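Residue numbers (the working numbering): 365 to 542.
Here a beta-carbon is modelled for each residue, glycine too, at the ideal position from N, C-alpha and C.
Note that the structure is predicted; figures quoted are calculated from it, not measured.
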C-alpha cells in the first residue's frame, strides 16, 4: 500500500488548484503548472487538501498512485516557491555564459557546447557558479543533469562540473601511491 499516495496533499496559501476530469491545474502569481492524471487514478479536492485515490489494485496502478501524489505536491510547491539547482565548475580555462535562450559551455574541448534553455527556466552564471531555477522540478533537474554530464567531476584533481553540495572522493595520484 502506498503511504505517499494515501497522505492528503496540503494546498499552500495563495495557490489556486482546479481539478477537472483527468487534469489538475495549479496557479499562483501568474505562474501556471498542470498535470495529466493517469487512468484509474482520481484526484478530489476536499477543503485545503487534495486526495489521491486509485481505482483498482493492479501493480501499475499502485505504482502510479504514489508517483501522482508526489508530482501534485511538486507542482503546488513549484508555482508557489519554485525549484533551484546550483552547480559549480572548476578547471583552467573553463567558462560558462548565457546567450539568449542558450547556455554556452567551454569545458576544455576543441569546441564549445551549446544547450537550449527550456521555456519557463532561468539560468544565471556568476563566476564559477551556475544557478538553474524554474517552476517544474523535473525540467530544472534534467537541465542541471545535462549540464553536469558535459564534464563530470574527475577524482584526481576535482576538475569539472558538480552539484553545489556534491562530495567528490578524491584519489591519490601516482606519486602519492608510490
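In DSSP terms, what residue i is bridged to
i, result
"residue 410", "413"
"residue 529", "None, per the DSSP bridge assignment."
"residue 380", "391"
"residue 396", "391"
"residue 418", "405"
"residue 375", "BP columns for residue 375 are empty, so no partner."
Simplified DSSP state of residue i, which is helix, strand or coil
i, result
"residue 432", "helix"
"residue 427", "helix"
"residue 515", "coil"
"residue 524", "strand"
"residue 493", "strand"
"residue 498", "strand"
"residue 535", "coil"
"residue 386", "coil"
Rounded C-alpha distance that separates residue i from residue j
i, j, result
"residue 489", "residue 461", "6 Å"
"residue 505", "residue 482", "12 Å"
"residue 405", "residue 378", "26 Å"
"residue 397", "residue 388", "8 Å"
"residue 528", "residue 451", "5 Å"
"residue 522", "residue 474", "21 Å"
"residue 427", "residue 443", "25 Å"
"residue 537", "residue 517", "16 Å"
"residue 457", "residue 492", "11 Å"
"residue 417", "residue 407", "6 Å"
"residue 511", "residue 465", "14 Å"
"residue 411", "residue 495", "36 Å"
"residue 597", "residue 508", "One cannot answer for residue 597 here, as it falls past the ends of the chain, which runs 365 to 542."
"residue 390", "residue 476", "38 Å"
"residue 435", "residue 539", "50 Å"
"residue 531", "residue 455", "17 Å"
"residue 535", "residue 519", "6 Å"
"residue 372", "residue 469", "43 Å"
"residue 395", "residue 500", "11 Å"
Cβ-Cβ separation, residue j to residue i (assumed contact under 8 Å), whole Å
i, j, result
"residue 487", "residue 514", "Not really, about 14 Å apart at Cβ, beyond 8 Å."
"residue 425", "residue 401", "Residue 425 to residue 401, Cβ: 12 Å. No contact."
"residue 369", "residue 430", "4 Å"
Minimum Cβ-Cβ distance from residue i to chain C less than 8 Å
i, result
"residue 489", "Going by chain labels, chain C is absent from the structure shown, which holds only one protein chain."
Q: Tell me the start and end of each unbroken beta strand (DSSP E) in the region 445-490 that is at least 3 residues and wholly inside, in chain order.
A: Listed in chain order, the complete beta strand (DSSP E) runs (minimum 3 residues) inside the region 445-490 are 447-454, 459-463, 466-470, 477-480 and 485-490.
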